[in-house]
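This report refers to the structure that appears directly beneath it.
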Amino acid sequence: MTTTSSLKLPVLGQLPDAESEVESKPIESAPLQTFRLDPAQMHHYGGNCYTHVVPLSIFAHLPAEAGELAVSLVEDSNILGPSVPSHSLISRWGEGGFNLWYNPGGPGERGSAQIYFSTSDNSDPRINGRTYTLMNQPLGFANDWQYFEIRRWLNHSRGRFFLRRGGDRIPPPLTASMGITDICNLKCGICGSQNMLQPVNRRHMDFHVFERVAETLFPLLITLEFNSRGEPLLHPKIADMFEIIADYGLFTRVQTNGTQFVDRKLRTLCKISGEVSISLDATGDLFEYARTGGKWPQVDEGVRRFLKMRNRDRLAVHLYPTLTAATAEGAEDLIRWAMDVGVDKIDFHQYDPIEQSHERMPSAEQLDRIKRFAASQDAKHPIEIRLNYEVVKQGEAPLLRRPVQEKYSNIPRPRGSHGAHPVYRCMAPVQNVDIDLDGCVCVCCQLQERKLGNATTPEAFADCWFGAEYESVRRSLQRSSPMALYSTCRGCVGRYAPEP
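Per this note's numbering, the very first residue in the sequence shown carries number 627; after that it's consecutive.
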């Protein structure tokens, strides 16, 4: 059944009892049309996923190639979503995820379309008594970023306070990059943070500071990163931190040197969902040369233990090797080892020379040899291999529930490139906060010397996040802004996103 309709539906994130009219605006000469799914025609695809054939007559134009069609799906009067590209993920996770897949080669003159969907509570749509209505176009507000942001302010117990202070204009941060220690058990020639010219008073973040930051920020965040100048798994309360992160359900990224995979830390690490990136540049004696103080047999045993304990549906494990002229010679052995132990991805990146280091950059010939070797590996093996951000061997990523909100990169991106925002050259001051050992807030890792406030209380965080200096940084990074960039921003933008 198809109808032309003007529905009255709750707007995502709006205050209770507020509703908004949805106009039937034509898209490609087709008015907004609805199609009610028939429970008798629904089929169980697997897990939480169900399917239903969709008539192509409700679409004015269809693409030449197979792929997703942008639509909306409503359960009674509630909008489902987000759109999920993988049928397997819909089957695994459910909770309203869906997609509409069009096949031009399917039966019928124009091909065929089928919706893969799940219900909001993972019940069976054939018997739960609810109605499921498909719309032939996305509703104007269904995927609107700002509505999602307002809804996330209200996730916080002090959400209305944040909205009064400026949250009606400025969305909350999506991510936090948190430094919990600057102590490391290794001293590597490639590491600038452990080879500083000036002495550093190295210490751990006080656990009570971590708890206060968690209470202030974690209800607002989508992702959390443990990136610091030290080894995060050395923190004496790291297991308790992982327990708190798991309670908030944050997608978490952890960078580690792989030397601290002991039982209690591993058990709590495996409770979180996210990605673990291991800074492991080589194997055997070459590893011990590159990572001074590390013992390869211990690392090998610890990584293997971790990969056996982790749930691949919850934790992806990557290697993040730094290629120097020396470690590039061991790259092929590292690839073989990673494929043997079950690493999901290797992300090789080139060493940039730092002061106080004798290491040299790899040659073009070395990089080309690594690229050719990686490309020659068994295409059926699930590992993905990148070299300086270029995929040189395709892989099969774990079916992680990655945050759909992570649309834009937190580093400068050229206009029109992947991860680039149309308005901002860099999204870091718009959607990311950098938290230091004292709970202080910085714009990003490049501006850590400039403290804009702290995140130990909602009041203090509101003062800086909605403050004049943060707003000045945001305005300066707009692509059309006449304002001069901060000196540190100039170097970063010039490196990653040079524009005429």
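Beta carbons are placed, not taken as given, at the ideal position from N, Cα and C, and that holds for glycine. Keep in mind that this is a model prediction, so the values were computed, not measured.
- Taken through DSSP and simplified to helix, strand or coil, Ile-796 comes out as coil.
- CA-to-CA, the gap between Asp-808 and Glu-857 works out to about 7 Å.
- Note that the C-beta distance between Thr-757 and Asp-702 is below 8 Å.
- Measuring C-alpha to C-alpha distances from His-984 to each of Pro-1024, Tyr-915, Met-965 identifies Tyr-915 as the nearest.
- The DSSP-derived three-state label of Leu-859 is helix.
- Per DSSP, reduced to three states, the secondary structure at Val-1069 is coil, with no helix or strand assignment.
- Nearest C-alpha to Arg-1105 among Pro-1038, Glu-1022, Cys-1070: Pro-1038.
- Within the model, the alpha-carbon separation for Leu-1063 versus Ala-908 is close to 30 Å.
- Looking at the backbone, the Cα of Ala-1005 and that of His-687 are separated by about 36 Å.
- Within the model, the alpha-carbon separation for Ser-698 versus Ala-666 is close to 21 Å.
- According to DSSP, Tyr-1050 shares a beta bridge with Gln-1104.
- The C-alpha of Ser-714 lies about 11 Å from the C-alpha of Phe-743.
- Annotated as proximal: Gly-1079 and Ala-1086, with beta-carbon spacing under 8 Å.
- Here Arg-736 carries a coil assignment [DSSP, helix/strand/coil].
- Its chain contains Glu-901, Val-902, Ser-903, Ile-904, Val-969, Asp-970, Lys-971, Ile-972, Asp-973 as the residues whose beta carbon lies nearer than 8 Å to that of His-944, once the 5 sequence neighbours on both sides are disregarded; these appear in chain order.
- Ser-738 and Pro-730 have their C-alpha atoms some 6 Å from each other.
- Of the residues Val-880, Pro-797, Arg-829, the one whose Cα lies closest to the Cα of Trp-1091 is Pro-797.
- Around the beta carbon of Glu-1010, 16 or more other beta carbons sit within 10 angstroms, so the residue counts as buried.
- Around the Cβ of Lys-1019, a 10 Å sphere holds 16 or more other Cβ atoms; the residue is buried.
- With a cutoff of 8 Å on beta-carbon distance, Gly-884 and Val-925 are scored as near each other.
- Per DSSP, Asp-1060 is one residue of the beta strand (DSSP E) stretching across 1058-1061.
- Residue nearest to Phe-788 within the set Ala-1088, Leu-1103, Ala-1000, Ala-1123 is Ala-1088 (criterion: CA-CA distance).
- A direct Cα-Cα distance of roughly 45 Å separates Pro-764 from Leu-949.
- Listed as beta-bridge partners of Leu-1013 by DSSP are Phe-974, Glu-1016.
- The DSSP assignment places 922-935, 957-967 as complete runs of the alpha helix (DSSP H) inside the stretch 913-978, in order along the chain (cut-off: 4 residues).
- Secondary structure of Val-902 (DSSP, three-state): strand.
- Cβ-Cβ distances below 8 Å link Thr-918 to Leu-812, Lys-813, Cys-814, Gly-815 in the same chain, with the five nearest sequence neighbours on each side left out; the list follows chain order.
- DSSP places Tyr-874 in the helix class (H, G or I) of the three-state scheme.
- For Val-1119, the three-state secondary structure derived from DSSP is helix.
- DSSP lists Leu-850, Val-1059 as the bridge partner or partners of Ala-802.
- Secondary structure at Met-668: coil, using DSSP grouped into helix, strand and coil.
- Of the candidates Gln-1074, Pro-751, Asp-966, Tyr-676, the residue whose Cα lies closest to the Cα of Cys-1115 is Gln-1074.
- When the five nearest sequence neighbours on each side are left out, the beta carbons in the same chain lying within less than 7 Å of the beta carbon of His-782 are those of Phe-788, Pro-845, Leu-846, in order along the chain.
- Assignment of Gly-1021 by DSSP, reduced to helix, strand and coil, places it in the coil class.
- Boundaries of the alpha helix (DSSP H) around Thr-894: 889-895.
- Each of Pro-1124, Arg-736, Glu-721 was checked against the Cα of Glu-691, and the nearest Cα belongs to Arg-736.
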